[in-house]
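Trainee: Below is one structure. I have some questions about it.
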Amino acid sequence: MFTQKVYEIVKKIPKGKVLTYKEVAKRAGNEKASRAVGNILHKNHNPEIPCHRVIRSDGKLGGYNKGAVEKRRKLKEEGYLDKTIAKLQK
DNA sequence: CATTTGACGCCAA
DNA sequence: TTTGGCGCCAAAT
């Protein structure tokens, strides 16, 4: 199932690495299912799934069930940082 | 079963 | 660069 694959893929994301929704969707079988990926993660607030490591293709963080602030902090903690985040932290 | 919703992505204006 | 609109998909209504 697409949903299940998404879970697996996101769980497999190594520390310090981030995937875009598009990438996850692609690995799950449909590159165009990026929306569905976000929807799935949104509904499934499972602690095993590091949804904070999934970001938008734009380089923006997108959303997060615990709040975008936590997501930002986690990503910074894992070493991921870019202009967008720096700007948001301001 | 038909629609709507939403943590997205890309292109045209 | 910033909008707006369209496409595409899973889950909730």
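Residue numbering for the first sequence follows our numbering, beginning at 2 and increasing consecutively.
By construction, the Cβ of each residue, glycine as well, lies at the ideal position given by its N, Cα and C atoms.
#1: Determine whether the beta carbon atoms of residue 8 and residue 63 lie at a separation below 8 Å.
#2: Cα-Cα, which of 48, 65, 58 is closest to residue 27?
#3: DSSP puts residue 21 in a beta bridge; with which residues?
#4: Do residue 19 and residue 52 have their C-beta atoms within less than 8 Å of each other?
#5: How big is the Cα-Cα spacing for residue 66 and residue 32?
Mentor: On the basis of the coordinates in this document:
#1: Reading the first sequence from its first residue, position 7 is the one you call residue 8. Reading the first sequence from its first residue, position 62 is the one you call residue 63. Going by C-beta atoms, residue 8 is not nearer than 8 Å to residue 63.
#2: Here the question's residue 27 lines up with position 26 in the first sequence. Cα-wise, what sits closest to residue 27 is 58.
#3: For the purposes of this step, residue 21 is taken as residue 20 along the first sequence, with counting starting at 1. Beta-bridge pairing links residue 21 to 56.
#4: As a first step, residue 19 must be located in the first sequence, where it is residue number 18. As a first step, residue 52 must be located in the first sequence, where it is residue number 51. Against a cut-off of 8 Å, the Cβ pair of residue 52 and residue 19 comes out as no contact.
#5: By 1-based counting over the first sequence, the position of residue 66 is 65. By 1-based counting over the first sequence, the position of residue 32 is 31. For residue 66 and residue 32, the distance between alpha carbons rounds to 23 Å.
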